[in-house]
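Protein chains: 4
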Amino acid sequence: MSDTVRVGVIGAGVMGRYHCETLARRLPGAELVAVADVDEDAARRAAGLAPAAAVLTDHRALLADGSIQAVVIATPNDTHAGLIREAVRAGKHVFCEKPVALDLAGADAALAEADRQGVKLQIGFQRRFDTAYRVARRAIADGELGAVELIVGTTRDPKPPGLEQLRRSGGLFFDTAIHDLDSVRFLTGLEVVEVFATASALILPDGGAEGFGDTAVITLRLETGALAVITNSLRAAYGYEVSMEVMGERGKIAVGYERQTAVRRLTAEGVRHDHVGWFLDRFGEAYVAELAHFIDCVAGDREPEVTGADGRAALALALLAARSHREGRPLPAGEGG
Amino acid sequence: MSDTVRVGVIGAGVMGRYHCETLARRLPGAELVAVADVDEDAARRAAGLAPAAAVLTDHRALLADGSIQAVVIATPNDTHAGLIREAVRAGKHVFCEKPVALDLAGADAALAEADRQGVKLQIGFQRRFDTAYRVARRAIADGELGAVELIVGTTRDPKPPGLEQLRRSGGLFFDTAIHDLDSVRFLTGLEVVEVFATASALILPDGGAEGFGDTAVITLRLETGALAVITNSLRAAYGYEVSMEVMGERGKIAVGYERQTAVRRLTAEGVRHDHVGWFLDRFGEAYVAELAHFIDCVAGDREPEVTGADGRAALALALLAARSHREGRPLPAGEGG
Amino acid sequence: MSDTVRVGVIGAGVMGRYHCETLARRLPGAELVAVADVDEDAARRAAGLAPAAAVLTDHRALLADGSIQAVVIATPNDTHAGLIREAVRAGKHVFCEKPVALDLAGADAALAEADRQGVKLQIGFQRRFDTAYRVARRAIADGELGAVELIVGTTRDPKPPGLEQLRRSGGLFFDTAIHDLDSVRFLTGLEVVEVFATASALILPDGGAEGFGDTAVITLRLETGALAVITNSLRAAYGYEVSMEVMGERGKIAVGYERQTAVRRLTAEGVRHDHVGWFLDRFGEAYVAELAHFIDCVAGDREPEVTGADGRAALALALLAARSHREGRPLPAGEGG
Amino acid sequence: MSDTVRVGVIGAGVMGRYHCETLARRLPGAELVAVADVDEDAARRAAGLAPAAAVLTDHRALLADGSIQAVVIATPNDTHAGLIREAVRAGKHVFCEKPVALDLAGADAALAEADRQGVKLQIGFQRRFDTAYRVARRAIADGELGAVELIVGTTRDPKPPGLEQLRRSGGLFFDTAIHDLDSVRFLTGLEVVEVFATASALILPDGGAEGFGDTAVITLRLETGALAVITNSLRAAYGYEVSMEVMGERGKIAVGYERQTAVRRLTAEGVRHDHVGWFLDRFGEAYVAELAHFIDCVAGDREPEVTGADGRAALALALLAARSHREGRPLPAGEGG
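Chains as they are written, first to last, in my numbering: chain A, 196 to 532; chain B, 196 to 532; chain C, 196 to 532; chain D, 196 to 532.
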C-alpha cells in the first residue's frame with residue numbers, strides 16, 4: 196500500500212520481537228517488510244505475524260532493500276551506534292533502542308550522520324509514551340507542583356542478565372539507569388549539573404570482578420539546585436519495579452504501581468496481591484505508542500519527540516555515573532564521560 | 196475532685212474492661228468509682244487501673260452508691276433494657292452498649308423511664324465517633340454527593356461467638372447488623388421504609404438449629420427511594436471488616452480500610468500486608484471519643500448526640516430484619532417488630 | 196487464506212466496532228470479511244481497519260455470503276435471539292453479545308436451532324476471559340476459600356443510556372446485572388435457588404415511568420445456602436466500577452480495582468488518583484480474549500467455554516430479578532421468568 | 196505510690212507536652228512530678244493533666260528534687276548534651292530526645308558521665324517502638340529478605356522550622372535525617388562505612404545563607420556493600436511523610452503509609468483520600484511505647500533497647516553527612532565528624 200511506512204527490524208530478541216508484532220498487527224500505518232538477526236530462527240519467529248516479511252541473517256541485506264523506509268534497531272547495546280550510522284547512511288529513518296551508544300564519540304558520529312542524511316532518529320525511551328509519565332510531565336509543566344525540589348526514581352529488573360549480556364549492555368548505568376536519567380530530564384525539563392554514583396556487586400559477583408555493579412544509587416543535582424536520586428537493582432524477587440516521584444513546593448506527583456492483576460486475596464496471612472511481573476506488563480502499551488509516534492513522524496515528516504540529542508544527553512549522564520562510581524567522587528556534568 | 200464525673204461500670208467483659216481503662220486513664224474529666232460484674236475476678240481486672248475503685252458482684256450495690264452520677268452498661272444484650280431502667284430509676288445518667296433492648300416494649304419502657312427521670316441516655320454506636328464516619332457524614336450533609344442513591348455496608352466479625360453468647364446477644368441482626376443499620380441512618384440522615392433480610396447458618400450449625408443465621412444480607416429501601424444493602428458474617432478468616440460506601444449523584448464516599456500495620460512485604464508470592472484484626476484495633480479511639488462525649492454531656496448538662504431514640508430506631512430495623520428473614524418477605528418499616 | 200476463520204460482524208456500535216478492530220488487527224487467525232449495520236456510516240467506520248471487508252446495511256446479505264464461517268452479533272438486545280436463529284440457520288457459528296435473548300422462549304428457540312445446526316454458540320460474558328476473574332475462579336475451584344459463604348458484586352456504568360436504548364436493552368437487569376449474575380455462577384460454580392430484587396428510578400425518571408429501575412439490589416440464595424448480593428447503578432460520576440468479592444471459610448477473594456493510570460498526586464488536598472473510566476479500559480483485553488477463544492473453537496471444532504446454556508441461565512436469573520422487583524417478593528429459581 | 200517511677204520533664208514544647216500527657220495519663224507505672232521550662236506558661240500547660248506536678252522555670256530546681264528518679268529531656272537540640280550531664284550527675288535516669296548532642300565530644304562526655312553514675316540513658320528514636328518498624332526489623336533479622344542489598348528511606352516534615360529553631364536544631368542532618376540514619380542501623384543491624392551527602396536550600400533561603408540545607412540526599416555504603424539512600428525535606432505540602440524500604444535477595448519490606456483517615460472520596464475528579472498530617476498522627480503510639488519502655492527499664496533495672504551508644508552512632512553519621520555536604524565528597528565512616 197502506498198500510504199503505509201515500510202519498516203525493517205534489526206535484532207529479534209524479546210524487544211525486537213515485540214516491535215515486530217507491533218508493526219505487523221498493531222499499527223495500521225506500518226508494514227513489517229523484513230527482519231534481520233544473526234539467529235535465523237529468532238528472525239523467523241519475530242516475523243511470524245507478517246507472513247510476507249523477509250527473514251534475513253545479515254542486516255546489510257535489509258539496509259540494501261530500497262523499498263524499506265525505516266528501520267527499528269533492537270540489537271545489543273554495543274552495536275547501536277554503528278548500526279544507526281549504517282542505516283542512516285542507507286537513507287533509512289531510524290528508531291533505535293536505548294542507549295544510542297556506549298560512548299559519546301559513537302553517539303556524536305551517529306547523530307551527525309543522521310543529521311547529514313536528513314532522516315529521523317528516535318531513541319527508545321518508551322516511558323515518555325506511557326500515560327502515567329505523560330500525565331505527570333504535563334502536570335509539572337503546568338506548574339501543579341511549583342518549583343521542583345526532590346526526585347526519587349527506581350528501576351529494578353526482575354532477573355539479572357547473563358555475564359555476556361551484561362558486558363554487551365555496558366552495565367546497569369547504560370542499560371537500566373539510563374531510563375531514569377532520561378525520565379528526570381523528561382519530567383522536570385531540567386538539566387543535570389552534578390552526578391555522584393556508587394554501586395555494589397551483590398548479585399553477580401562475576402560481573403563485579405569485571406567492574407560491573409548490580410545495585411546502584413545515583414544522586415543528581417539539577418540546574419535549579421533541585422536534587423534527584425535514582426536507585427537501581429538488577430534483581431527484584433517480586434518482579435519489575437519502576438517508579439518516579441517528583442516533589443515540589445505544592446506537593447508530589449508519583450508515577451508507578453505495584454499491582455498487575457485486579458485480584459486481592461484476604462486470608463489469615465493478611466491481604467495479598469500480585470506485583471507487576473516484567474517490562475512488557477508495565478510498558479507494553481508505551482512500546483506500541485512510541486513506534487506509532489515514530490511511524491507518524493516518518494509518514495508526516497515531523498521531528499520525533501524523543502530525539503538523538505535526548506539519547507545523547509542520557510548517555511552522557513550514564514557515562515558520568517559510571518565514572519563517578521569508578522573514581523568515588525561527584526563529577527560536574529560538564530566533564531563529559 | 197468536685198469537677199470530675201463519678202462513673203460506675205456494670206459488666207466487665209472485653210468491652211466493659213476497655214471502658215474502665217478509658218475512664219481510669221484516658222478521660223481527665225471522669226473518675227472510675229466502681230465496677231460490678233457477677234464474675235468478681237473480671238470486675239477486679241477491669242478496675243485494675245483505678246486502685247481506689249470499688250469491686251462489686253451485684254450491680255444493685257453500685258446503683259445504691261449515691262456518689263455515682265453516671266453508669267456505663269456493658270453486659271449481655273438481654274440485660275440492657277432492664278439495667279437501663281434500674282439505673283435511671285436510681286437517678287444515674289446512662290451510657291449503654293447497643294442494642295438498647297431486644298424488643299420494642301423493653302426499649303420503650305427504658306426510654307420512658309429515662310425521660311421521666313430527666314437523665315441522659317446514650318447508646319454505644321461508637322462508629323458515630325469514628326473520624327472516618329464523621330468525615331463522611333459531614334461531606335454527605337454538605338451535599339458533596341448530591342442525592343444519595345445506593346449504600347453498601349459490611350460488618351464481618353473475625354470469630355463467631357459461642358452458642359450461649361449468641362443466644363444472649365439476640366443474634367447477628369441485633370449484635371452486628373445493628374451497627375450498619377444505625378450507620379445508614381447516621382450517614383444519610385434518611386429513614387428506612389422497607390426491609391428485606393435473609394440469612395444462612397453456614398458457620399454455626401448449632402445456632403442455625405435454633406434459628407440464628409451467621410451470614411446475612413439485608414436490603415433497605417429509604418424514604419427517598421435510595422437503596423441500601425448490608426452484608427454480615429460472624430466469621431472472617433482475615434480479621435475484622437467494616438466498611439460502608441455511600442453513592443450519590445456526584446460520586447461515592449467510602450469508609451473503611453483493610454490494613455492495620457504500615458508494612459508491606461514484597462516477595463515472589465506478591466505484595467502482602469496485614470488486615471485490621473479486631474474491633475479495638477479499628478475503633479479503639481472511637482470508643483474513647485464516645486465516652487468522652489458522654490462525660491461532657493453529663494458534666495455540661497447537654498443532650499448526647501446518640502440518643503435512646505437512635506437506639507430504638509436501629510432496634511426496630513433489626514427486629515424487622517429478623518422477622519423478614521423468618522417470614523421470607525420484605526416488610527414495610529411501619530410494621531414494627 | 197485457508198487457515199483463517201472468515202467472520203462477519205452484525206452491529207457496528209461501540210462494541211461491534213471494537214470487535215471489528217479485534218478481528219482486523221489483533222487476531223491472526225481471523226479475517227474480518229463483512230460488517231453489517233442499518234447505519235451504513237457506522238458499518239464503514241467499523242470496517243475501517245479491514246479495507247477488503249464488505250460494508251452492508253442488511254444483515255441478510257452478510258448471512259447469505261457462503262464464504263463467511265462465523266458471525267459476531269453486537270446489535271441491540273431485543274434483536275439477539277432472532278439474529279442468532281437466522282445466523283445458525285444459515286450455518287454460521289455465532290458469537291453473540293449478552294443477553295442471549297430477552298425471554299426464555301426466545302433463548303430456547305435460539306439454542307435449539309444452534310443445536311440442530313451443529314454450530315458453535317458463544318455468549319459475550321467477557322469477564323470470564325478477564326485475568327482477574329480467571330485467577331479468582333481457579334483459586335476458588337482449588338479450594339482456597341473452602342466453602343463459599345457470601346458474595347458481593349457491583350457493576351456501575353459511568354453514564355446512563357438514553358430512553359430508547361434503555362427500552363431496547365430490556366433494562367438494567369438484562370443489560371448490566373446479567374454480567375454479575377453470570378459471574379456469581381462462574382466464580383462459585385454454584386446455582387441460584389432464590390432471587391429477591393428491588394430497584395428504584397433515581398437517575399432516569401422517564402425510564403422509571405415505564406417501569407425501568409436504574410439503581411438496584413439483587414439478593415441471591417445459592418444451592419448451598421451461600422448468599423450473594425449484587426448492586427447496580429446506571430450512573431457513577433467517578434467512572435466504571437466493577438467488582439466482585441467472594442468470601443468463604445478461609446478468606447476472601449476480591450476482584451476489582453479503582454485505579455486506571457499509574458499516577459498519584461499528593462497535595463494539601465490529600466492523595467488523588469484517577470478511576471477506571473469505562474468498560475473498554477477495564478475489559479479491553481478480555482474482549483479480545485473472548486473472541487480469540489471463539490475463533491479457536493471454530494477453527495479447532497471445540498465447544499466454547501461460555502455456552503448458550505450459560506447465556507440462558509443468566510437470562511433466567513435476570514428475568515426472575517425483574518419479576519421479583521415487580522411483585523415485591525423473593526422468588527424461587529424454579530419459577531422461570 | 197512506692198511502685199511508680201517519679202519523673203520530671205525538662206522542656207515543654209510540642210514533644211515535651213506530649214511526653215507529659217503520656218506520663219500523666221497513659222503510663223500507670225509513672226508519675227509526672229515536675230515540669231520545667233523557661234516559658235512558665237508552657238510548663239503549666241504541659242503539667243495540666245497532673246495537677247499535683249510542680250511547675251518550674253529552672254531545670255536545676257527539678258534536678259535538685261531528690262524524689263525524682265528519672266528525667267525526660269525535650270529541649271532544643273543544642274542543650275541535650277549539657278542537660279544529660281547535669282541530670283545524670285544528679286543521679287537521675289535520663290530519657291533524652293534525639294540527637295544526643297550536636298558534636299561527638301559532647302556526646303562522649305554525656306555518655307561517659309551516665310556510665311560513671313550507673314544510670315539509664317535512652318535516646319528518643321521512637322521509630323524503634325513503632326509496630327511497623329518492629330515487624331520489619333524482626334522479619335529482616337529472621338532472614339526473610341536474605342542478604343540486604345538496597346535501602347530507600349524518606350522523611351519529609353510538613354512545615355519548615357523558623358530560622359532560630361533551625362539553628363538550634365543543628366539543621367536537617369541532625370534533626371530529621373538522624374531518624375533515618377538510626378533506622379538503617381536498626382532495621383538492618385549493619386554499620387555504615389561511607390557517607391555521601393548533598394543538600395540544597397530551596398525552601399528556606401535564609402537558612403541557606405547560613406549553610407543550612409532544607410532538601411537533602413544521603414547515600415550510605417554499609418559494611419556488607421549494601422547501599423542505602425535517604426531523602427529529606429523540611430516541607431511537604433501534603434503532610435508528614437516517613438517511609439523506609441529494605442530490599443534484599445528474596446524481596447522487599449516497605450514501612451510507611453500515606454493515608455490517615457479511613458475515607459475515600461470518588462468523584463469525577465478521581466479517587467481522593469487524606470495523607471498523614473504530622474508526626475503525632477504517625478508516631479503517637481510509638482512515643483508512648485518508648486516512654487513505657489524507659490519507665491520499665493528504670494523500674495526493673497534493665498538496660499534500654501536504645502542506648503546512648505545508638506544515639507552517638509547516629510550522631511556520628513549525621514556529622515559525616517554534614518561534612519560530606521560541605522566538602523562535596525564521600526567520606527569513610529572512620530573519619531569521625
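The beta-carbon is built from N, C-alpha and C at its ideal position, and this holds for glycine as well.
- With a cutoff of 8 Å on beta-carbon distance, glutamate 444 (chain C) and glycine 348 (chain C) are scored as not near each other.
- For isoleucine 335 (chain C), the nearest beta carbon of chain A is not closer than 8 Å to its own beta carbon.
- Positions of the alpha helix (DSSP H) runs, each at least 4 residues long and wholly inside the region 283-369 of chain C, are given as 299-312, 326-336 and 358-364 in order along the chain.
- Of the candidates A:Ala432, A:Leu361, A:Thr419 and A:Gly365, A:Leu361 places its Cα closest to the Cα of leucine 399 (chain A).
- Boundaries around threonine 462 (chain D) are those of the beta strand (DSSP E), 458-462, since no alpha helix (DSSP H) includes it.
- Under DSSP, valine 230 (chain D) shares a beta bridge with D:Val204 and D:Val250.
- A distance of 8 Å or more separates the beta carbons of glycine 446 (chain D) and arginine 454 (chain B).
- What glutamate 359 (chain A) touches in chain D, judged by beta-carbon distance under 8 Å, is nothing: the nearest beta carbon there is about 23 Å away.
- Counting only residues of its own chain and dropping the five nearest sequence neighbours on each side, aspartate 375 (chain D) has a CB closer than 6 Å to the CB of Gly348, Thr350 and Ile425.
- Residues of chain A whose Cβ lies closer than 9 Å to the Cβ of valine 295 (chain D) do not exist, since the nearest Cβ in that chain is about 28 Å away.
- For valine 450 (chain B), there is no enclosing alpha helix (DSSP H); the enclosing beta strand (DSSP E) has its first and last residue at 446-450.
- Of the candidates B:Leu244, B:Leu218 and B:Ala504, the residue whose Cα lies closest to the Cα of leucine 222 (chain D) is B:Leu244.
- Between the alpha carbons of arginine 311 (chain D) and alanine 305 (chain D) lies a gap of roughly 10 Å.
- Segment contact: the region 197-206 of chain D against the region 500-513 of chain C, fewer than three CB-CB distances shorter than 8 Å; contact not assigned.
- Annotated three-state conformation of threonine 199 (chain C) is coil, per DSSP.
- By the Cβ rule, the region 378-391 of chain C counts as touching the region 326-346 of chain C, because three or more pairs are nearer than 8 Å.
- Under the 10 Å beta carbon count, alanine 457 (chain C) is surrounded by 16 or more other beta carbons and is classified as buried.
- With 16 or more other Cβ atoms from the protein chains shown falling within 10 Å of its own Cβ, threonine 410 (chain C) counts as buried.
- For threonine 410 (chain A), the C-beta contacts it makes with chain D under 9 Å involve Glu344, Leu345, Gly420, Ala421, Leu422 and Met442, in order along the chain.
- By the CB criterion at 8 Å, leucine 429 (chain C) and threonine 393 (chain C) fall outside the cutoff.
- When the alpha-carbon of arginine 477 (chain B) is set against those of B:Val493, B:Ala516, B:Thr252 and B:Gly451, the nearest one is in B:Gly451.
- Look at histidine 470 (chain B) here: in three-state DSSP terms it is coil, with no helix or strand label.
- Look at serine 395 (chain D) here: in three-state DSSP terms it is strand.
- Its Cα nearest to that of histidine 288 (chain C), the residue C:Leu278 stands out among C:Glu344, C:Val209 and C:Leu278.
- Leucine 397 (chain D) is outside the set of residues whose beta carbon lies under 8 Å from a beta carbon in chain C.
- At least one CB atom of chain A sits nearer than 8 Å to the CB of leucine 244 (chain C).
- Residue pairing from DSSP places glycine 443 (chain D) in a beta bridge opposite D:Val343 and D:Gly446.
- In the DSSP assignment, the residues bridged to proline 527 (chain D) are D:Glu389.
- Distance from the Cα of serine 438 (chain D) is smallest, within the candidate group D:Ala327, D:Glu464 and D:Gly313, for D:Ala327.
- The contact set of valine 466 (chain C) on chain D, defined by CB atoms closer than 8 Å, consists of Tyr433, Glu453, Arg454, Arg467, His468, Asp469 and His470 in chain order.
- Secondary-structure assignment with DSSP links leucine 417 (chain C) through a beta bridge to C:Val387.
- Of the residues assessed, arginine 322 (chain C) falls on the buried side of the cut-off, its CB having 16 or more other CB atoms within 10 angstroms.
- Listed along the chain, the chain A residues whose CB falls inside 8 Å of the CB of proline 353 (chain C) amount to none; the nearest CB is some 17 Å away.
- In the structure shown, the three-state DSSP call for leucine 486 (chain B) is helix.
- Chain-ordered, the chain B residues with CB closer than 7 Å to the CB of glycine 523 (chain C) read Pro525.
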